[in-house]
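Participant: Sharing a structure with you now.
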Amino acid sequence: MQDLAKLEDLGKPRVVIVGGGFAGLELAKTLHDAPVQVVLIDKQNYHAFQPLLYQVATAGLGAPDIVSPFRKILNKQKNFYFRMAEVQSVDAEAQMVHTSIGLIKYDYLVIATGATTNYFGDEQMQHNATAIKCLEDAIELRNTVLSNFEKALQTNDNEQINSLLDFVIVGGGPTGVEVAGALSELRKHVFPYDYKEIDFKQMDIHLVQSGPVLLKGMSEEASAKSLEYLKEYGVQVWLNVRVKSYDGYTVTLSNGQTLITRTLIWAAGVKGAPIAGLKPEALLKGNRYQVDAYSRVTGYENIFALGDIAAMQLPDYPEGHPMVAQPALQQGQHLGKNLPRLLAGQPLEPFDYNDRGAMATIGRNHAVADVKLPGGKEYRTQGFFAWLMWTYVHVVSLVSFRNRFAVFLNWTWSYFSYDKGLRSIIGKTKDPLRVKVDEHSNEPELVAPLKE
1 MQDLAKLEDL GKPRVVIVGG GFAGLELAKT LHDAPVQVVL IDKQNYHAFQ PLLYQVATAG
61 LGAPDIVSPF RKILNKQKNF YFRMAEVQSV DAEAQMVHTS IGLIKYDYLV IATGATTNYF
121 GDEQMQHNAT AIKCLEDAIE LRNTVLSNFE KALQTNDNEQ INSLLDFVIV GGGPTGVEVA
181 GALSELRKHV FPYDYKEIDF KQMDIHLVQS GPVLLKGMSE EASAKSLEYL KEYGVQVWLN
241 VRVKSYDGYT VTLSNGQTLI TRTLIWAAGV KGAPIAGLKP EALLKGNRYQ VDAYSRVTGY
301 ENIFALGDIA AMQLPDYPEG HPMVAQPALQ QGQHLGKNLP RLLAGQPLEP FDYNDRGAMA
361 TIGRNHAVAD VKLPGGKEYR TQGFFAWLMW TYVHVVSLVS FRNRFAVFLN WTWSYFSYDK
421 GLRSIIGKTK DPLRVKVDEH SNEPELVAPL KE
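Quick look at the structure:
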């Protein structure tokens, strides 16, 4: 393979980072003054703020509001280089990364490829369900939701109308809870004005959770309050129930009941996104690399893994840290401080995770927050104050001032106007329905979704 990356040799150790999510971007930023050449490889040229993908999917924010190009974020960092490419494999002996644009040599390799949706081997579910793991997913889901209502106006068949208006969300974690809350707010404040001919009392939102509580990992108060809020919003919550199958139209539940929907939103699990070429024994359950307290991948001295792809098995975290933003950010910053120590022959500092708690929002003035305070104390709150905390944390965590300003402006407008203005259908939808006109009655009718 020809070397097309055209990276100049700075005569410094080269740190190649695969993946520009929270961990990879934070590592690159932390190495700004280090005596190294930093090369970031990502198949996209931007960093996406994943906790707000669901807002794009539910028309609360536009895609540009939560993304920022890598080159813009780090354009003042002299030792930073970016290549837009897809990594295909790693040759650890030759210390080379095989990419879609050629070979890239490394002295230190950092894998921060994050996670991908886990369908637990269900190929039918993978084909028919809609995930929210990347920006393309979020835009596709928004398009699908809006297209469903346009299709509902083209038929008089009540079953078909219900299949288009009803939504099933699988997974009672933060993503599932937040999507359910956002859809219920749209049902109450926005859609009735856009689609006056539709009776939105027919729009049902189902949230299916396989366990006994929502927001597993948060406090009992947060779980109970989130359930109370969702019921208040008119969401039907199914606890201790699994989805057995989904054929694109009928959802079969483990309790024997069935639901009809054209849109099943999958928020039930993720798994690591490993790279080919490393030793199979380095991979643990969930496709996560086993790493030590310094983020080194088991069996390698100069290969590291960070964030969702890394499983640092410590006494407090026997299965690795939670696959959320905070561990990824802290691991990226930690390795960014450890690599200069390694180059200087100094002892490395082990990683110590500072758990700052968790939050989830269900809708306007309705949120839950479990905040870890210095000294190990925990502060728990629900309702308006928790919603303010959630809003503040997410705004200040965005990577650029432009993103922070745009999101704050959009949320302020939405709060006072009850409007979510980003309701354009641009791009593809999930299994769009075809419409044909009956030659005898001259009436339009819906036919089966187009298969890829």
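Note that full-length UniProt numbering has the sequence shown beginning at 1, numbered continuously upward. Just so it is clear, CB atoms sit at the ideal spot from N, CA and C, and this is done for glycine as well. Keep in mind it's a predicted model, so treat the numbers as computed, not measured.
Name the two residues that bound the continuous beta strand (DSSP E) containing residue 105.
Facilitator: 102-105
Participant: Work out the CA separation of residue 237 and residue 458 for me, nearest whole Å.
Facilitator: This structure cannot speak to residue 458, because the chain is shown only from 1 to 452.
Participant: With a Cβ-Cβ cutoff of 9 angstroms, do residue 422 and residue 60 count as a contact?
Facilitator: yes
Participant: Using DSSP with H/G/I as helix, E/B as strand and the rest coil, what is residue 412?
Facilitator: Assignment of residue 412 by DSSP, reduced to helix, strand and coil, places it in the helix class.
Participant: Measuring alpha carbon to alpha carbon, tell me which residue in 405, 403 and 363 is nearest residue 386.
Facilitator: Comparing Cα positions, the closest option is 363.
Participant: Are three or more beta carbon pairs between the stretch 37-49 and the stretch 20-27 nearer than 8 angstroms?
Facilitator: yes
Participant: Could you tell me if residue 396 is buried or exposed, where buried requires 16 or more neighbouring beta carbons within 10 angstroms of its beta carbon?
Facilitator: exposed
Participant: Can you tell me whether DSSP reads residue 298 as helix, strand or coil?
Facilitator: Here DSSP, grouped into helix, strand and coil, assigns residue 298 to coil.
Participant: Under three-state DSSP, which class holds residue 391?
Facilitator: helix
Participant: Start and end of the alpha helix (DSSP H) containing residue 232?
Facilitator: 220-232
Participant: Residue range of the beta strand (DSSP E) that residue 194 falls in?
Facilitator: Where residue 194 is concerned, there is no enclosing beta strand (DSSP E), although the alpha helix (DSSP H) it sits in stretches over 191-194.
Participant: Pairing CB atoms from the stretch 138-151 with CB atoms from the stretch 235-254, are three or more of them under 8 angstroms?
Facilitator: Inter-segment contact for the stretch 138-151 and the stretch 235-254 is absent: fewer than three beta-carbon pairs are separated by less than 8 angstroms.
Participant: Could you pull the start and end residues of the alpha helix (DSSP H) that residue 149 belongs to?
Facilitator: 135-152
Participant: Which residue comes first and which comes last in the alpha helix (DSSP H) that contains residue 163?
Facilitator: 158-165
Participant: Could you give the first and the last residue of the continuous alpha helix (DSSP H) run that contains residue 82?
Facilitator: Here residue 82 belongs to no alpha helix (DSSP H); instead the beta strand (DSSP E) covers 80-84.
Participant: Closest to residue 241 by CA distance: which of 46, 259, 292 and 365 is it?
Facilitator: 259
Participant: Quick one: residues in its chain with C-beta nearer than 8 angstroms to the C-beta of residue 64, no 5 flanking neighbours on either side, listed in chain order?
Facilitator: 406
Participant: Extract the residue ranges of the alpha helix (DSSP H) inside the stretch 11-96, only unbroken runs of 4 or more that lie entirely within it.
Facilitator: 22-30, 53-57 and 70-73
Participant: Quick one: what does DSSP say residue 319 is sitting in, helix, strand or coil?
Facilitator: coil
Participant: At which residue ranges does the stretch 241-305 contain complete beta strand (DSSP E) runs of 3 or more residues, listed in the order of the chain?
Facilitator: Counting only runs of 3 or more, we get 243-246, 250-253, 258-260, 263-266, 270-272, 288-291 and 303-305.
Participant: From residue 38 to residue 30, what distance separates their C-alpha atoms?
Facilitator: 10 angstroms
Participant: Taking the beta carbon of residue 413 as the centre, do at least 16 other beta carbons fall within 10 Å, making it buried, or is it exposed?
Facilitator: If you draw a 10 Å sphere on the C-beta of residue 413, you find fewer than 16 other C-beta atoms in it, and that means exposed.
Participant: Cα separation between residue 436 and residue 128?
Facilitator: Here the model assigns residue 436 a pLDDT of 47, short of 50, so the residue's position is not dependable and the matter cannot be decided.
Participant: Could you check whether the Cβ of residue 170 sits closer than 9 angstroms to any Cβ belonging to chain C?
Facilitator: Of the protein chains in the structure, only one exists, and it is not chain C.
Participant: Beta strand (DSSP E) containing residue 372: first to last residue?
Facilitator: 366-372
Participant: List the endpoints of the continuous alpha helix (DSSP H) containing residue 376.
Facilitator: Segment: none, residue 376 is in no alpha helix (DSSP H) and carries neither H nor E.
Participant: Between residue 183 and residue 146, what straight-line distance do the alpha-carbon atoms span, to the nearest angstrom?
Facilitator: 12 angstroms
Participant: What residues match up with residue 112 in a beta bridge as DSSP calls it?
Facilitator: Answer by DSSP bridge pairing: none, since residue 112 is not bridged.
Participant: Look at the alpha carbon of residue 169 and the alpha carbon of residue 255, and state the distance between them as a whole number of angstroms.
Facilitator: So the alpha carbons of these two residues sit roughly 16 angstroms apart.
Participant: Secondary structure at residue 338, three-state DSSP: helix, strand or coil?
Facilitator: helix
Participant: Do residue 67 and residue 278 have their C-beta atoms within less than 9 angstroms of each other?
Facilitator: no
Participant: To the nearest angstrom, how far is the alpha carbon of residue 164 from that of residue 199?
Facilitator: 12 angstroms
Participant: Report, in whole angstroms, the separation of the C-beta atoms of residue 112 and residue 74, which I expect to be a contact under 8 angstroms.
Facilitator: Rounded, the Cβ-Cβ distance is 15 angstroms, inconsistent with contact.
Participant: Taking a contact to mean a Cβ-Cβ separation below 9 angstroms, would you say residue 161 touches residue 202 in this structure?
Facilitator: yes
Participant: Within the same chain, show all residues whose beta-carbon is closer than 6 angstroms to that of residue 10, passing over the 5 residues directly before and after it, in chain order.
Facilitator: 37
Participant: On the DSSP bridge assignment, give the partners of residue 239 in chain order.
Facilitator: Under DSSP, residue 239 takes part in a beta bridge, and its partners are 209.
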